[in-house]
Amino acid sequence: MWLRALVSVLAFTVLSAWPMSVGHAACPERPACEGCGCKGGPGYRGPDQKCVGFKNLDKVCGNPPTRCVFENAPGTGLNRECAMPAKRLPADAAK
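For the sequence shown, the tail end lands on 101 under this note's numbering, and the numbers increase by one without skipping.
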């Protein structure tokens, strides 16, 4: 009887701790990113106070981007692969 309870407790402990340990092992410890560029963009804030993406960078900020404020601190966007959820292929593309 006590063996069954012990096995149940051990199984619960292992299964509940497993996702946390895998997630922490995949992502290195870095301070939280703030501002434009944290999700992998170029790191510029436009005149409308919104972050500007690569696609609109020349149009909104100019070339060189003098109409925008550069916020992208060194190292931002480095956690993107492990911090963002994995992209899944559509079912028909996987075939």
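Virtual Cβ for every residue (Gly too), placed ideally from N, Cα, C.
- An exposed status is given to G68, since fewer than 16 other beta-carbon atoms sit within 10 Å of its beta-carbon.
- Between V58 and C74, the gap from beta carbon to beta carbon is short of 8 Å.
- The three-state reading of DSSP puts R51 in strand, counting E and B together.
- Counting every other CB atom within 10 Å of its CB across the protein chains shown gives P70 a total below 16, marking it as exposed.
- Take the alpha-carbon of G52 and the one of T72: they are about 10 Å apart.
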